[in-house]
Amino acid sequence: MTVKTSKELVENDEKYIWHALRKYNPESQPLIAAEAEGAWITDIDGNQYMDGMSGLWCVNVGYGREELAKAAYEQLKTLPYFPLSNSHVPAIKLGEKLNSWLGDDYIYFFSNSGSEANEVAFKIARQYHQQNGASSRYKFISRYRAYHGNTMGSLAATGQAERKYRYEPLSPGFIHVSPPDIYRSPYPGSEEEIGKAYADEIERVITWEMNETVAGIIMEPIITGGGVIVPPENHLQKVRDICDRHGVLLIIDEVISGFGRTGKNFGFMNFGIKPDIITMAKGITSAYQPLSVTAVRRDIYEVFKKEDEYAHFRHVNTFGGSPAACAVALKNLEILEKEQLVERSAHLGGKLAKEMSGLENHPKVGRISSKGLLMGIELVEDKISKNPAKPELLTEVMEECKSNGLIIGKNGATVAGFNNVLTLCPPLCITDDDFTFMV
Ligand code: PLP
């Protein structure tokens, strides 16, 4: 193989690679990564950047982990593939391990991506209701601004219109409610009153839709890609109570917030609730292998164990839960435990919130929200109007960070200009020096 110069690579990249989410702009070229170690990426010209976004919010244990490469290699040699219509050892071990991470009794269905894990959750929820004597329940409630994936169902659940535009119609039956945003709440009162008011909104929607048509609610514990919106403390418990009152399943999307990101094993653990279904991806392998999981409460699974021809879950994907992906996930969880990275996320998260709090006095900073090593900094035109800052300002800040060697993110929802949140989501293994550099 001939080694390509960086100029040739740039030309070939432009020629062959259809980039995700990248707008056509002949002036700008993508960062082409060559290698990475810890929290740092080196591009093909030797420039180094600290990855303040862990790739796409996923490289929780950081780059360059030989143990993970070895776990994949060893497993690929031993058993590269076997479908989970039967079973294999790494999947069984991973299921047991996930129960210990959840501290509870769930059963696990494996797929490849967060989008698929959510699709699986929707299908399981509908089939569960059908087989449980509630066949009219098919609708799902989700929140504006949330992102749940790119497939026809998970994109329908997504509450960001710009991501759906020109791909519609998507799957029917998805209804949206407000994100539980304290900073932009239309409801007056204390944080607690706001948390209850947003939950009451969900209950009103369930009632208006007829509760016997609603199958589930899907939500992230903290809206991440929609602009790091941390809900009021009491909100999720209120939602849990509403689900119980109306026979609606609570599906918690932990695709970003899982595996230590928010300073707990899973994001929902910050709010003292127990979900019915939990979806996971990204940090489960720290992105060293594609893998996702739909965790389901055991009594829901019991309804699939009838002797009727169609009672079992008739869903398969070829690669989901491949032995190497499960082996990597197991090793990844071992690293998180051994290096106490969940605790480190909580510790550094607290420190980050403190260190950044001074920025709140900046005239263009509307709010700073965070949990663990996950932070959103919402930029506004001014603090009185709270009008979202112009996209150019965010681009300028991001470019300034990049030219100083730090990659940060920009998220929110483009419609109505709410793509105005700068995001930080560094690997949980960042060193003290990395932390200081990032701050
Ligand atoms: N759910 C959440 C909260 C996400 O942030 C994402 C992706 O960013 C997904 C689901 C979809 O995951 P994937 O890109 O692996 O399909």
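FYI, the numbering for the sequence shown is 1 to 439, going by the UniProt record's numbering.
For every residue, glycine included, the Cβ atom is placed at its ideal position computed from N, Cα and C.
Predicted, not measured: the structure shown is a model, and the values here were computed from it.
Report the partner residues of residue i according to the DSSP bridge assignment.
i	result
V316	According to DSSP, V316 bridges with nothing at all.
V296	I107, I277
E35	T42
I229	I223
residue 518	Lying outside 1 to 439, the shown extent of the chain, residue 518 is not represented and no answer is given.
L394	Answer is none; L394 lacks a bridge partner.
K143	Per the sequence presented here, residue 143 reads as Arg, with Lys not at that position. Paired residue(s): V177.
G216	F140, L249
L406	M50
Please list the terminal residues of the continuous beta strand (DSSP E) segment that includes residue i.
i	result
M50	48 to 51
L379	375 to 379
G195	Unbroken run through G195 is the alpha helix (DSSP H), 191 to 209; no beta strand (DSSP E).
N411	409 to 413
I175	174 to 177
F418	418 to 424
G366	365 to 370
L250	249 to 253
When burial is assigned at 16 or more other CB atoms within 10 Å of the CB, is residue i buried or exposed?
i	result
residue 450	Residue numbering for the chain in the displayed model covers 1 to 439; residue 450 lies beyond these limits and cannot be assessed.
Y16	exposed
W40	buried
A125	buried
W18	exposed
Y310	exposed
M1	Only weak support is given to the placement of M1: the predicted model assigns it a pLDDT of 49, under 50, and the question is left unresolved by the model.
Y165	exposed
N361	exposed
A281	buried
P188	exposed
T78	exposed
T395	exposed
A69	exposed
Q160	buried
V177	buried
W57	buried
If you follow the alpha helix (DSSP H) that residue i is in, where does it begin and where does it stop?
i	result
R163	161 to 164
W101	89 to 102
N387	Element bounds for N387: n/a, residue is neither H nor E.
residue 476	Given a span of 1 to 439 for the chain in the structure shown, any question on residue 476 remains unanswerable.
P427	Unbroken run through P427: none, as it is neither H nor E.
D13	6 to 16
L128	The sequence shown places Tyr at residue 128, rather than the Leu named in the question. Looking at the DSSP string, the run of the alpha helix (DSSP H) that includes Y128 is 114 to 131.
I335	323 to 338
V342	341 to 356
Quick check: does the Cβ of residue i come within less than 7 angstroms of any heavy atom belonging to the ligand PLP?
i	result
G267	no
D51	no
S115	yes
V255	yes
E220	yes
H148	yes
G153	no
G372	no
A295	no
N270	no
T423	no
L250	no
A281	yes
T224	yes
L56	yes
N419	no
N118	yes
Sorted by chain position, which residues of the same chain lie with C-beta nearer than 7 angstroms to residue i's C-beta, five sequence neighbours on each side aside?
i	result
I182	E191, I194, P232
Y24	none
P290	N112, S113, A325
A329	L94, I284, T285, L291
F319	N112
P363	D382, K383
I35	According to the sequence provided, residue 35 is Glu. The question's Ile does not apply to it. Result list for E35: T42, in chain order.
S6	I44, D45
K238	G195, K196, A199
Spatial neighbours of residue i within its chain, please: CB distance less than 6 angstroms, with the 5 preceding and 5 following residues excluded, ordered by chain position.
i	result
G225	Y147, N411
N419	G412
G227	G376, N411, G412, V421
A20	none
F266	E254, G258
Quick one: what's got a C-beta closer than 8 angstroms to residue i's C-beta in the same chain, skipping five residues either side?
i	result
G38	G62, Y63, G64, P427, C429, I430, T431, D434
S135	H129
I368	A353, M356, S357, L359, E360, M375, G376, I377, E378
E339	V61, C429
I202	I141, V177, I217, V239, I242
L9	I32, I44
Is residue i close to chain C? Criterion is C-beta to C-beta, closer than 8 angstroms.
i	result
N361	Going by chain labels, chain C is absent from the structure shown, which holds only one protein chain.
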